[in-house]
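Engineer:
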Amino acid sequence: MISCKEATLLIEKKQAAKLSLKERLQLRFHNFMCKACAQYGIQSAWIDKVLKNLHTQDQLTAEEKNTIQQQLNQ
Amino acid sequence: MQKHNLEPENWVEKYGDMLLNYALVRVKERDMARDLVQDTFVTALKSIPTFRGEISEKNWLYLVLKTRILDYYKKKKEVLESDMKKDDEDDNYFNDKGHWLKDKLPNEWTTERMVQSEEFMQILLACKDKLSATQALVFTMKYLDGEEAEDICKELNISASNYWVIVHRAKLQLRQCLEKNWMS
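As you go down the protein sequences, you meet chains A and B in turn.
Each residue of the first sequence is one higher than the last, beginning at 1 in the numbering used here.
Each residue of the second sequence is one higher than the last, beginning at 1001 in the numbering used here.
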């Protein structure tokens, strides 16, 4: 059986690249036996999804805008 | 096709906040993000003669900022290289047999906590800021810019296996940070 370290690496690869049949079977068997890695797989996929929505709602202050504008006017 | 025009006198008011937020999720410090925005406007102003009107003013400014951000990371190239070496050596998550260390075992997350609220976004951003420069750069390219693994490897001149080590390590760290600061 592959280790948890190998299994979690395969989980990351799975999202971007096609795993070989052997790797797919190894991962499925591992996740069947190992609850922690199965959890990791669910959580990793969710993190991937939310990372794509990562955003901030900040604003430049009036002072910062002034400074930048002055740079542009030079 | 319609040609696009540039109106530099309106840039700061019209695009300043948008570009700031674009930079903020890509670099750690707010001051750095603001300087990159300023730098973008100054560079764009000088580059006006090269603007051919094929893309919109907004997309053009984004493109200039994106290049500035990549340059900012490339200046840290030495940091990148030492990061990668460190990533190869340390193992804070698994024992020598590759099993989870006891205190790093993933716990179950409740669906109530798996929501994308603004509060959660703050935590996610804070956790992302704890990544090393290399991990942050790879994450930016992979998740925020949606680039393919192959292109990222080429751009950063790293091997595919190195790339996966970085992604794996970064994800382990991010997952751990979210579990500690948000899920429990």
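All residues carry an ideal CB built from backbone N, CA and C; glycine is no exception.
(1) Got a sec, what are the start and stop residues for the alpha helix (DSSP H) B/W1011 sits in?
(2) Cβ closer than 9 Å: which chain A residues qualify as neighbours of B/M1018?
(3) Give the list of continuous alpha helix (DSSP H) stretches no shorter than 4 residues that lie fully inside the stretch 1122-1179 of chain B.
(4) With H, G and I counted as helix, E and B as strand and the rest as coil, what does DSSP make of A/W46?
(5) Among B/K1028, B/L1144 and B/E1150, which one has its Cα closest to the Cα of B/D1129?
(6) Please find out if some non-hydrogen atom of the ligand FAD comes closer than 7 Å to the beta-carbon of B/C1127.
(7) Which two residues bound the contiguous alpha helix (DSSP H) that contains B/Y1093?
(8) Can you pull the chain B neighbours of A/S20, defined as C-beta to C-beta under 8 Å?
(9) Let's see if you can read the secondary structure: which residues bound the alpha helix (DSSP H) around B/W1060?
(10) Strictly by DSSP, which residues pair up with B/W1182?
(11) Is the beta carbon of A/T56 sitting closer than 8 Å to the one on B/L1024?
(12) Just the C-alpha distance for B/S1117 and B/R1026, rounded to the nearest angstrom, thanks.
(13) Would you decide whether A/K18 is buried or exposed? Buried here means 16 or more other CB atoms lie within 10 Å of its CB.
(14) Would the stretch 1125-1139 of chain B count as touching the stretch 1149-1163 of chain B if we require 3 or more Cβ pairs under 8 Å?
(15) Answer with yes or no whether the minimum CB distance from A/L54 to chain B is below 8 Å.
(16) Against A/K5, what residues of chain B qualify as contacts under a CB-to-CB distance less than 7 Å, listed in chain order?
(17) Taking A/C37 as the reference, give the member of A/D58, A/L72 and A/E12 with the closest Cα.
(18) Looking only at C-alpha atoms, which of B/D1031, B/E1054 and B/L1125 sits nearest to B/L1178?
(19) Residues of chain B with CB closer than 8 Å to the CB of A/A17, please, in chain order.
(20) Just the C-alpha distance for A/Q103 and A/D58, rounded to the nearest angstrom, thanks.
(21) Using a C-beta to C-beta distance shorter than 7 Å, which residues of chain B count as neighbours of A/K13?
Structural biologist: Quick answer:
(1) Segment W1011 to L1024, the alpha helix (DSSP H) holding B/W1011.
(2) By Cβ distance, chain A contributes nothing, its closest Cβ being about 10 Å from B/M1018, past 9 Å.
(3) 1133-1139, 1149-1156 and 1160-1178
(4) helix
(5) B/K1028
(6) By its list of ligands, the structure shown contains no ligand whatsoever, and the ligand FAD lies outside what it can speak to.
(7) It is not in any alpha helix (DSSP H) - B/Y1093 carries neither H nor E in the DSSP assignment.
(8) Chain B residues near A/S20: none, gap ~15 Å exceeds 8 Å.
(9) Boundaries of the alpha helix (DSSP H) around B/W1060: E1057 to K1074.
(10) Bridge partners of B/W1182: none, in fact.
(11) yes
(12) 20 Å
(13) exposed
(14) yes
(15) yes
(16) F1094 and G1098
(17) A/E12
(18) B/L1125
(19) A1149
(20) Coverage of chain A is limited to positions 1 through 74, which leaves residue 103 of chain A absent and any answer about it impossible.
(21) W1164
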